[in-house]
Amino acid sequence: MAAHTGGLTTAKDLAPTVRIENLVRSFGARQVLDGLELSIVPGEFVALLGRSGSGKSTLLRALARLDHEVAGSGELAAPDHVSVVFQDARLLPWKRLLDDVVLGLTGPDAEQRGRTALAEVGLDGRERAWPVELSGGEQQRVSLARSLVREPQLLLAAEPFGALDALTRIRMHILLRRLCERHRPAVLLVTHDVDEAIVLADRMVVLDQGRIAADLPVELPAPRRHGSPEYAALRDRVLAQLGVDLVEEGSPARPSDGNCT
Ligand SMILES: Nc1ncnc2c1ncn2[C@@H]1O[C@H](COP(=O)(O)OP(=O)(O)OP(=O)(O)O)[C@@H](O)[C@H]1O
Ligand SMILES: [Mg+2]
């Protein structure tokens, strides 16, 4: 959320948390990433959009160091402390919430940090609950707590709210923004939801043909409201980059049209 701070240091002055140059990844004859370039500075929130199959998950796996075959190609500099949040919360069914959140944490204050993290996502008092006792939205809150308690330099989020209902998703947007403003990781959020990208991100990048085809700063007056002309213009630009021609398709530009794959 570097652009929201209003401080004297601008995002562009900071050494990048992520630096990717000329990244190439092929699967057989199919070249998915083709000379991709991307930098993310500390505290910056970047939304990654792109059509289905454009390579978003491939890029995320590379950044999470889950793809060992990408290593030889180009330059890929990412920090040591990376956390990943997925669409499904992936909680351990046999662990109570607090035990899951603090798993692998060391130090005498580990348990207290876990309790604080659960409180931050609104789940204080639920430390001893089992995952099965939680709703999908609550499970995703635990997943966020588990990621942020590790104070990652980079948070990778793969459509984290895609399975949630619209109202819960809005609540999670508010929560994620608040958490990111407090913990200030660099964030790369993969989403198909253009409105989610505009509401949350400092910058939106669109992946197409193996490269970043558009890199759009989100410079909107706060609060970012769907109805404003600036919001609508930015939204149309992103949709056009994603290959959605609103005039040709004959559909009015409504927020619910933003889910495109
Ligand atoms: N392990 C793999 N083996 C072969 N092909 C793969 C593999 N992983 C990804 N691909 C191919 O790479 C391309 C990009 O896949 P990727 O999962 O990165 O797309 P995506 O942008 O995340 O799509 P979606 O929005 O549908 O999740 C696809 O054509 C996919 O079939
Ligand atoms: Mg994907």
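Each residue of the sequence shown is one higher than the one before, counting from 247 in our numbering. Glycine is no exception: its CB is placed at the ideal position from the N, C-alpha and C atoms.
Bridge partner(s) assigned by DSSP for residue i
i      : result
Gly296 : Leu453
Pro463 : Arg449
Leu337 : Looking at the DSSP assignment, Leu337 forms no beta bridge with any residue, so it has no partner.
Arg265 : Ser285, Ala323
Val270 : Asp280
Phe291 : Val433
Ile458 : Leu453
Inter-residue CB distance, residue i and residue j (contact presumed, cutoff 8 Å)
i      : j      : result
Thr304 : Leu279 : 6 Å
Val328 : Ala310 : 6 Å
Ala432 : Leu400 : 5 Å
Asp448 : Pro463 : 7 Å
Leu295 : Val484 : 7 Å
Leu410 : Gly382 : 6 Å
Arg361 : Val316 : Not really, about 38 Å apart at Cβ, beyond 8 Å.
Gln385 : Leu337 : 6 Å
Counted within 10 angstroms of its Cβ, other Cβ atoms place residue i as buried (16 or more) or exposed
i      : result
Thr507 : Only weak support exists for where Thr507 lies, its pLDDT of 44 falling under 50; the value from the coordinates is given anyway. Thr507 should be labelled exposed.
Thr352 : exposed
Gln358 : exposed
Leu322 : buried
Arg424 : exposed
Ala308 : buried
Ala391 : buried
Gln455 : exposed
Ser300 : buried
Pro398 : buried
Arg374 : exposed
Pro354 : exposed
Asp441 : buried
Backbone secondary structure at residue i - three-state DSSP
i      : result
Asp439 : strand
Glu373 : coil
Glu379 : helix
Leu309 : helix
Leu364 : helix
Val490 : coil
Leu468 : It should be noted that the sequence gives Ala, not Leu, for residue 468. If DSSP states are grouped into helix, strand and coil, Ala468 belongs with coil.
Ala432 : strand
Arg359 : helix
Val395 : coil
Arg342 : coil
Lys302 : helix
Endpoints, the alpha helix (DSSP H) within which residue i is located
i      : result
Leu413 : 412-429
Leu349 : Segment: none, Leu349 is in no alpha helix (DSSP H) and carries neither H nor E.
Val484 : 475-487
Within-7 Å CB hit, residue i to chain C
i      : result
Val452 : In summary, chain C is missing from the structure at hand, where a single protein chain is found.
Host beta strand (DSSP E) of residue i (start-end)
i      : result
Gly281 : 276-286
Ala261 : Ala261 -> no beta strand (DSSP E), and no H or E assigned at all.
Ala404 : 400-404
Val331 : 328-331
Contact test: residue i Cβ vs ligand 4 heavy atom, cutoff 6 Å
i      : result
Gly301 : Within the structure as shown, ligand 4 is missing, the only ligands being ligand 1 and ligand 2.
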